[in-house]
Every structure is written in C-alpha cells, then in structure tokens.
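Take 2 as the starting number for the sequence shown in the working numbering and just add one per residue.
The beta carbon of each residue, even a glycine, is placed where N, CA and C say it ideally should be.
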Amino acid sequence: MAKSKDQVNKSQAVREALEKSETGSPSEIVATLAEQGITVSPAFVSNIKSQEKKRRIAARTPNLDIATLLNGVAATPTSPVSSKELESASRLIMQAVDLVVNAGPNQARELLAVAEQIVQTIRR
Numbered sequence: 002m003a004k005s006k007d008q009v010n011k012s013q014a015v016r017e018a019l020e021k022s023e024t025g026s027p028s029e030i031v032a033t034l035a036e037q038g039i040t041v042s043p044a045f046v047s048n049i050k051s052q053e054k055k056r057r058i059a060a061r062t063p064n065l066d067i068a069t070l071l072n073g074v075a076a077t078p079t080s081p082v083s084s085k086e087l088e089s090a091s092r093l094i095m096q097a098v099d100l101v102v103n104a105g106p107n108q109a110r111e112l113l114a115v116a117e118q119i120v121q122t123i124r125r
C-alpha cells in the first residue's frame with residue numbers, strides 16, 4: 002500500500018523556519034520545529050543549510066561555454082597554425098583537463114587562466 006501524503010515535508014519545514022529565523026542556528030530551528038510537532042536533528046538542519054548555501058552559490062556562478070571563453074577566436078580551417086602552436090595549445094589543454102580531473106570544479110578560476118593562455122597562444 003502506498004504511503005499517505007499527510008506527513009509534513011521536513012526539509013521544506015526547515016527551509017521555512019530558516020527564512021523566518023533571525024540567527025538561523027540549528028538548535029534554534031530544532032526548537033522552533035519541535036513546537037510545531039516536527040522532529041529533526043541539528044545535523045539535519047545543518048545539512049539543509051549547507052545545501053541551500055550551495056544552491057545560492059551555484060545560482061551566482063555564470064555558465065561559460067567554450068565559445069564565450071574563446072571569444073570567437075578559434076582557428077578556422079583557412080588560418081595558418083604552426084605545429085609548434087598546436088603542440089603548445091595541446092599541452093595547455095591537457096593541463097586544464099588534469100586540473101579538472103584532479104582538483105575538481107572548485108578550481109574553475111585556474112582553469113579559466115589556462116584557457117586565457119590558450120586564447121593568447123591561438124591569437125599569436
């Protein structure tokens with residue numbers, strides 16, 4: 002038999018309590034929700050706060066595509082590019098891939114710096 006939907010969504014209740022709270026401490030939120038008959042732990046509240054913070058940061062972070070990153074400077078088939086330039090650009094791309102694989106997405110600024118070097122190499 003399927004569960005009934007009469008239960009309160011605890012995560013949503015925590016989010017609403019965080020919006021109304023002045024300090025937003027987990028123990029304060031637990032006490033507020035306990036008054037409403039909702040049982041949650043301080044760790045659960047901290048987890049929800051952390052997830053909300055990640056969402057806010059992700060919303061602020063712009064999504065950059067490669068065309069924006071290169072500003073339309075990609076080499077066309079008719080433009081002459083030396084093998085030395087290709088080798089240099091390839092080396093920089095491999096560094097960028099290694100950076101993402103090993104360090105993760107938090108190192109995006111370093112990745113952008115490497116991409117800028119690639120653009121400068123192509124423009125020469």
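- Taking the C-beta atoms as reference points, residue 33 is found nearer than 8 Å to residue 18.
- Per DSSP, the continuous alpha helix (DSSP H) segment holding residue 33 begins and ends at 27 to 36.
- Going by beta carbons, residue 90 and residue 115 fall outside the 8 Å limit.
- For residue 12, the enclosing alpha helix (DSSP H) begins and ends at 11 to 21.
- By alpha-carbon distance to residue 56, the top candidate from 121, 16 and 119 is 16.
- Taking the Cα positions, residue 58 is about 31 Å away from residue 8.
- Minimum Cα-Cα distance from residue 92 among the listed residues 40, 119 and 37 corresponds to 119.
- With distances taken between CA atoms, residue 111 lies nearest to 94 out of 37, 94 and 46.
- A distance below 8 Å separates the beta carbons of residue 41 and residue 11.
- Closest by C-alpha distance to residue 123, out of 50, 36, 85 and 113, is 85.
- Distances from the CA of residue 87 to each of 35, 121, 60 and 37 were compared; the closest alpha carbon is that of 121.
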